[in-house]
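Residue numbers (full-length UniProt numbering), protein chains in the order written: chain A, 1 to 196; chain B, 1 to 196.
Ideal Cβ placement from N, Cα and C applies to all residues, glycine included.
The structure under discussion appears below in the form of C-alpha cells.
Number of protein chains: 2
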Amino acid sequence: MTPRKAVEHELSRERILEVAREQFVQHGYRDVSMRGIAKELGYSPGSLYYHFREKADLFSAMTAEDFSQLDGLLEEAVSTSPNPGRDRLELIFLSFIRFGLENKRSFELMFLIQEPGLDCYTTQSKMGSYEKFFIAVNESLQVINNTDLAKNVELIWVLFLSLHGFVSFYIHSDQSFDDIAKLADLHIQLLLRGLM
Amino acid sequence: MTPRKAVEHELSRERILEVAREQFVQHGYRDVSMRGIAKELGYSPGSLYYHFREKADLFSAMTAEDFSQLDGLLEEAVSTSPNPGRDRLELIFLSFIRFGLENKRSFELMFLIQEPGLDCYTTQSKMGSYEKFFIAVNESLQVINNTDLAKNVELIWVLFLSLHGFVSFYIHSDQSFDDIAKLADLHIQLLLRGLM
DNA sequence: AGTTTTATTAAACACTGTTCAAATTGGGGG
DNA sequence: CCCCCAATTTGAACAGTGTTTAATAAAACT
C-alpha cells in the first residue's frame, strides 16, 4: 500500500537497535523474532533486512554496546584502586561478577548465547573484552607474585573461566547480586588464596 | 495408507532414544527436528508424540543416561583412591573435567542447553548429579581441612561452578582433553591451593 | 465374531528467518 | 519545472520448525 514512508519517519539503525535491545533483553535471543521487532516499529519484516544483513548482525550490533560498558567497568576498577596489589585484583573480579549479575540478560546475550552463524560477529567483541581483563589482571599479578608472563597467560585465562562459571550459573537464577554477594566474595577469596 | 505397522516392527521408546541420541549428539538440540528423527526411523512425525509428550521429554529421557554415566565416574573416583585426602579431591575434579571434554556434546546437552519448557525435566538429573559431587568432595574436605559442614556447603558449590566454567568453555572448542590436560591441572591446583 | 484398545498417519496450525520483485517516495540534474 | 534514478519499504513467498487431531487399521480381548 505505502511502499515508502515520509523521510522524517524513515527507519534508522539506531531506532531499530533501540527496539531490538528492549525485546532481546526482555525475552532473550531465541524468543525475539524479526517480525516482532518490525511490528513494534510499525514496519514490515523485510525492512529490517535493508538495514542489517540478518538477525545475527542486528543482534551483535546491539551487544557491542554492552561489551563497551563492561570494558568501561574494568577500566574503572583499575583506575579507582590506587596501587596494583591484591585489593585491585579483588575489585576487578568483583566488578566482573557484579556486572554479570546486575545485567543478567546482557551478560547472557554477550557470552552465553550461541547460534549458528553468530560466532563470526561476536568473537571480536569477546576477545576485546577479555584482553582488557587480561591486561588489568596481569599488572596486578606481576606485582603480587612476580611470575613470568608466560605462566600468567594460562593462570589469568583459568581465572577468567572460573569467574565465568560462577556468573553463568546465577544469570539463570532470580537472585540479585546482593543476594549472593557473600558467595561471590567466597569465590574470589578462594581464587586469591590459590594465587598466593 | 498404513496406519499401523506389524507388531514386530512397532516403534519402541528404546528405538526412538537410540536414533535420537545419535542425532542429538551429532547436531545438538536445536538442529535436530522431530521430523528428522521420525524420518530416520521410517515413521511419521506424529508417532513420536505417542511415545513422548514433547521434544523436551524425549530429549531429557536421553540425557538421563548420560547423567548416570557421570555419576558412575564420580563413584569410581571415590572408590579408586584409597583414602579421602588431597589426592582423591584432585581425582574427583579431574574426572569431572575429563568427562566433560571426552563427551563434549553430552556435557553440553546435560548442562548447557536451556530451552523453554526443558527445565522441568532436567532439573532433577542435575541436582542428583551435583549431590554425588557434593558428598564425595565433602568427605575429602572434612579430612583435609576440618571446617564445619555449613561452610563446606558454600565452598563445594563454588568449586563446582569453577570447574563448570572451565569445562563449559572447552566444550565449544575443538581441543581434546589431552590437548588441555596441563591447563586443567593448573586450574585444579589453583583451586586446591585456595582450599588449604 | 465383535468390540475395544493401541499405534500410526497425514494434514493442518501457527510460528520462524530470509529473499525478492514490485512499488512509491524524495532528491538531483537538465 | 520535470523527469529519472536511487533509496527505501512492502507483502508475498519459501522452506523450515514443534505440536495437535481426526481418521484408520492392526492387535488384543471377550
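Annotation for Asp119 of chain A: the continuous alpha helix (DSSP H) segment containing it runs Asp119 to Ile144. For Ser12 of chain B, there is no enclosing alpha helix (DSSP H), since its DSSP letter is neither H nor E.
Nearest to Met110 of chain B by alpha-carbon distance, out of B:Asp148, B:Phe166 and B:Phe59, is B:Phe59. Judged by pairs of C-beta atoms under 8 angstroms, the stretch 7-20 of chain B touches the stretch 41-61 of chain B, as three or more such pairs exist. The beta-carbon distance between Leu161 of chain B and Asn152 of chain B, rounded to whole angstroms, is 15 angstroms. This is too long to meet the 8 angstroms contact definition. Contact annotation: Ile92 of chain B and Val158 of chain B have beta-carbon atoms that are not nearer than 8 angstroms. Chain A has a Cβ within less than 8 angstroms of the Cβ of Glu154 of chain B. With a cutoff of 8 angstroms on beta-carbon distance, Thr63 of chain B and Thr123 of chain B are scored as not near each other.
Between the stretch 182-196 of chain B and the stretch 93-108 of chain B there are three or more inter-stretch CB-CB distances shorter than 8 angstroms, so the stretches are counted as touching. Annotated three-state conformation of Gly36 of chain B is helix, per DSSP. In the structure shown, the three-state DSSP call for Ile113 of chain A is coil. What Ser168 of chain A touches in chain B, judged by beta-carbon distance under 7 angstroms, is Gly165 and Ser168, going in chain order. Neighbours of His187 of chain A across chain B, judged by C-beta separation under 8 angstroms: Val158, Leu161 and Ser162.
Take the alpha-carbon of Tyr170 of chain B and the one of His164 of chain A: they are about 13 angstroms apart. For Arg53 of chain A, the three-state secondary structure derived from DSSP is coil.
Taking the C-beta atoms as reference points, Ser106 of chain A is found no nearer than 8 angstroms to Asp57 of chain A.
According to the DSSP assignment, Ser44 of chain B belongs to no alpha helix (DSSP H), since it is labelled neither H nor E. Contact between Lys132 of chain A and Leu74 of chain A holds, with the beta-carbon distance rounding to 5 angstroms and staying under 8 angstroms.
Within the stretch 85-118 of chain B, the residues whose Cβ lies closer than 9 angstroms to any Cβ of chain A are, in chain order, Leu112, Gln114, Glu115 and Pro116. Boundaries of the alpha helix (DSSP H) around His187 of chain A: Ala181 to Leu195.
Residue A:Lys55 holds the alpha-carbon nearest to the alpha-carbon of Ser33 of chain A among A:Lys55, A:Glu76, A:Leu89 and A:Ser129.
Straight through space, the alpha carbons of Ile37 of chain A and Pro45 of chain A are spaced by roughly 8 angstroms. When only Cα atoms are considered, Leu149 of chain B and Arg86 of chain A end up about 29 angstroms apart.
It is roughly 8 angstroms from the alpha-carbon of His172 of chain A to the alpha-carbon of Lys104 of chain A. Boundaries of the alpha helix (DSSP H) harbouring Lys151 of chain A: Leu149 to Tyr170, taken from the DSSP string. Chain B has a Cβ within less than 8 angstroms of the Cβ of His172 of chain A.
Per DSSP, the continuous alpha helix (DSSP H) segment holding Glu102 of chain B begins and ends at Arg86 to Glu102. Using a Cβ-Cβ cut-off of 8 angstroms, Leu183 of chain A is close to Glu154, Trp157 and Val158 of chain B, given in chain order. For Leu141 of chain A, no Cβ of chain B is located within less than 8 angstroms of the residue's own Cβ. Leu191 of chain A reaches chain B at Ser162, Leu190, Leu191 and Gly194, counting residues in chain order whose Cβ is nearer than 9 angstroms. Taken through DSSP and simplified to helix, strand or coil, Asp71 of chain B comes out as helix.
In this structure Arg193 of chain A is in contact with Arg193 of chain B, their Cβ atoms being roughly 7 angstroms apart against a cut-off of 8 angstroms. In summary, Glu115 of chain B is exposed, with fewer than 16 beta-carbon neighbours lying within 10 Å of its beta-carbon over all protein chains present.
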